[in-house]
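Below you'll find the structure, written out as structure tokens, and then a few comments.
Numbering (our numbering), first residue to last: 1 to 264.
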């Protein structure tokens, strides 16, 4: 078993602007592709957390010839039940260690571009950020609290009216979104943040990809208890049906059984 990052390395190369950056990131991506090709030859199958990552891997290694299965991230929904509580009004939460670049990137963008628009409309809105700071700071902003690492993030998410996922880079599926769904906290995400999760914007989550739209959706959700309840109910059903471990483990079992039969 070995876990590797695909999306971040490729995105650095794909979004590079200057010739120097393209040369640097292009060489890194080329080396990574060679490493992946050699690595995958050692295994009878590989898994990724989303169909998007599967397509990236197939495009990067078209001659792989080994099965690549989508086994989504999952959780034990029942284990979150005892953390569900009455959320506090006008509260938002973001969870994630800043040692992972996309988390710091997400909060820099949100606090600089989105939060002032939200504060102008709802001055008493409160944002809590959990996770290791990793030596990275954020701009000063009103009503923003970074509590750092916490032993159990569930109580913070469950106590919030909104869980944020303004992610711009990285791959896989966001466990923070699945956890919020299990804790009945409605989610607002970018399209990238919701990537790999079968969530329909307007039904299971809200989605926005500009600062103005993200702020508007945040304000709308803070002001509408009916919308929060609708998203919460739909998202909870989704996470139970598709992302509980009881739904995902059989998919992994089928893959292992397939590999076993091929060796017979």
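We treat Cβ as the ideally placed atom computed from N, Cα and C, and that holds for glycine. For clarity, every value in this text was computed on a predicted model and none was experimentally measured.
From this set, the options, which residue's C-alpha is nearest residue i's C-alpha?
i	options	result
residue 60	34, 239, 44	34
residue 164	38, 191, 85, 7	191
residue 95	234, 219, 109, 149	149
residue 187	210, 222, 19, 168	222
residue 265	176, 158, 161	Residue 265 is absent from the model: the chain starts at 1 and stops at 264.
residue 124	225, 219, 66	219
residue 75	225, 249, 170	249
residue 268	214, 209, 162	Absent from the structure is residue 268, since the part of the chain shown begins at 1 and ends at 264.
residue 110	157, 213, 251, 17	213
residue 78	256, 240, 144	240
residue 306	65, 205, 259, 255	Nothing about residue 306 can be read from this structure; the chain reaches only from 1 to 264.
residue 145	151, 159, 126, 152	126
residue 203	185, 16, 224, 233	233
residue 97	201, 151, 254	151
residue 209	113, 32, 40, 28	113
Give the DSSP-derived three-state secondary structure of residue i in the structure shown.
i	result
residue 11	helix
residue 81	helix
residue 255	helix
residue 183	coil
residue 16	coil
residue 190	coil
residue 61	coil
residue 35	helix
residue 2	Summary for residue 2: the model assigns pLDDT 45, below 50, so the residue's position carries little reliability; its value from the coordinates is reported in the next sentence. Three-state result, residue 2: coil.
residue 94	strand
residue 23	helix
Classify residue i as buried or exposed, calling it buried when 16 or more other Cβ atoms lie within 10 Å of its own Cβ.
i	result
residue 183	buried
residue 174	buried
residue 53	buried
residue 43	exposed
residue 154	buried
residue 179	buried
residue 92	buried
residue 7	buried
residue 19	exposed
residue 57	buried
residue 141	exposed
residue 103	buried
residue 217	buried
residue 238	buried
residue 30	exposed
residue 139	exposed
residue 11	buried
residue 256	exposed
residue 265	Look at the range of the chain in this structure, 1 to 264, and you will see that residue 265 is not part of it.
residue 14	exposed
residue 170	buried
residue 224	exposed
Examine chain B for any beta-carbon lying closer than 9 Å to the beta-carbon of residue i, and answer yes or no.
i	result
residue 38	Among the chains of the structure shown, chain B does not appear; only one protein chain is present.
Any heavy atom of the ligand NAD closer than 8 Å to the beta-carbon of residue i?
i	result
residue 225	Annotation note on the ligand NAD: not contained in the displayed structure, which lists no ligands.
As an exercise, report each continuous alpha helix (DSSP H) stretch of at least 4 residues that is fully enclosed by the segment 195 to 252, in chain order. 211 to 223, 225 to 242
At 3 residues or longer, what runs of the beta strand (DSSP E) sit wholly inside the segment 104 to 180? 126 to 130, 144 to 148, 162 to 165
Does the segment 43 to 52 come within contact of the segment 193 to 204, defined as at least 3 CB pairs closer than 8 Å? yes
Quick test of the definition: if touching needs 3 or more C-beta pairs under 8 Å, does the segment 82 to 92 touch the segment 229 to 248? no
Would the segment 129 to 149 count as touching the segment 65 to 73 if we require 3 or more Cβ pairs under 8 Å? no
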